[in-house]
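Asker: I am attaching a structure below and will ask some questions about it afterwards.
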């Protein structure tokens with residue numbers, strides 16, 4: 016019923032076979048390209064076979080901060096550190112790439128142990144509550160990336176909804192810190208975890224659901 020109140024959108028949706036047009040890429044495809052053709056052009060310009068040699072060249076050419084996302088093994092984290100990467104994102108991309116991959120929170124401790132404080136570590140995938148952020152911090156994450164919570168907020172209330180989602184997460188962090196007796200977020204480490212059972216089983220698995 017909601018879709019019927021937006022006939023122009025519905026027409027475009029049906030006309031393109033249910034695939035949205037990537038408007039930011041459409042001008043670079045051929046004139047009159049279909050949604051499928053624009054998507055195909057996008058894929059042709061976004062190769063995924065990036066090698067360590069490519070990363071080494073990126074580091075040489077780019078003087079700014081360099082972050083690498085998708086690191087899931089300590090050896091790869093060590094390679095990034097040796098190449099001068101500033102930060103890594105421990106992420107399985109929400110589980111959408113390989114549903115049998117381990118969750119980021121499972122590999123985070125070994126990655127932190129491998130690189131020490133040589134690089135900043137961010138954790139991504141499956142963060143739904145403030146307590147998840149506390150667990151990630153305890154296991155070695157410097158920062159935690161949040162996507163789903165803010166997307167839900169935007170869907171429910173636009174920019175104000177996103178702000179409210181972040182506020183809820185902050186409140187949950189404060190409550191968790193109070194309940195575990197840690198007044199300072201920066202003091203969190205593995206001492207505040209009683210065992211593997213404290214790790215939320217859904218972290219990094221949302222795509223599989």
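Residue numbers (our numbering): 16 to 224. Glycine included, each C-beta is placed from N, C-alpha and C at the ideal position.
With contact counted as at least three CB pairs below 8 Å, one residue from each stretch, are the segment 141-155 and the segment 178-195 in contact?
Answerer: Contact holds: three or more Cβ-Cβ distances are below 8 Å.
Asker: Are the segment 166-175 and the segment 121-140 touching, with three or more C-beta to C-beta distances below 8 Å?
Answerer: Verdict: no, contact absent.
Asker: What does a CB cutoff of less than 6 Å around residue 211 pick up in its chain, not counting 5 residues either side in sequence?
Answerer: Bear in mind that the predicted position of residue 211 carries a pLDDT of just 46, short of 50, making it unreliable; the figure below should be weighed with that in mind. Result list for residue 211: empty, nothing under 6 Å.
Asker: Give the straight-line distance between the Cα atoms of residue 213 and residue 154, rounded to the nearest whole angstrom.
Answerer: Confidence is the limiting factor: at residue 213 the pLDDT is only 46, short of 50, which leaves the residue's position unreliable, though a coordinate-based value still follows. The straight-line gap from Cα to Cα measures roughly 11 Å.
Asker: Bridge partners for residue 158 per DSSP, in chain order?
Answerer: The partner list for residue 158 (beta bridge, DSSP) reads 137.
Asker: Taking residue 25 as part of the alpha helix (DSSP H), name the residues at either end of that continuous run.
Answerer: First-last of the alpha helix (DSSP H) with residue 25: 22-30.
Asker: Measure how close the beta-carbons of residue 119 and residue 106 come, nearest whole angstrom, since I'm counting them as under 8 Å.
Answerer: Indeed, because the Cβ distance is near 6 Å, the residues count as touching under 8 Å.
Asker: Considering just the uninterrupted stretch of the alpha helix (DSSP H) at residue 104, what are its terminal residues?
Answerer: No alpha helix (DSSP H) holds residue 104; the beta strand (DSSP E) holding it covers 102-105.
Asker: On the criterion of 16 or more Cβ atoms from any shown chain inside 10 Å, does residue 184 qualify as buried, or is it exposed?
Answerer: Result: buried.
Asker: Can you give the Cα-Cα distance for residue 100 and residue 201, rounded to whole angstroms?
Answerer: Taking the straight line from one Cα to the other gives about 23 Å.
Asker: Does residue 183 come out as helix, strand or coil in the three-state DSSP assignment?
Answerer: Correct three-state label for residue 183: helix.
Asker: Is residue 86 helix, strand or coil by DSSP?
Answerer: Residue 86: strand per DSSP, three-state reduction.
Asker: Could you name the residues of the same chain whose beta carbon sits closer than 7 Å to that of residue 224, not counting the 5 residues immediately before and after it, in chain order?
Answerer: In this predicted model, residue 224 has a pLDDT of only 41, less than 50, meaning its place in the structure is not dependable enough to derive any value.
Asker: Throw me the rounded Cβ distance for the residue 156 and residue 137 pair, which I believe falls under 8 Å.
Answerer: Correct: roughly 7 Å between the Cβ atoms.
Asker: Leaving aside the five residues before and after residue 159 along the sequence, list all residues of the same chain whose C-beta is less than 6 Å from its C-beta, in chain order.
Answerer: Cβ neighbours of residue 159 beyond the five flanking positions: 138, 142, 148, 151.
Asker: Classify residue 61: buried if its beta carbon has 16 or more other beta carbons within 10 angstroms, exposed otherwise.
Answerer: Exposed, since its Cβ has fewer than 16 Cβ neighbours within 10 Å.
Asker: Ends of the alpha helix (DSSP H) at residue 113?
Answerer: That residue, residue 113, is in no alpha helix (DSSP H); it is neither H nor E in DSSP.
Asker: Would residue 84 and residue 67 be called neighbours here (beta carbons separated by less than 8 Å)?
Answerer: Contact flag unset, no.
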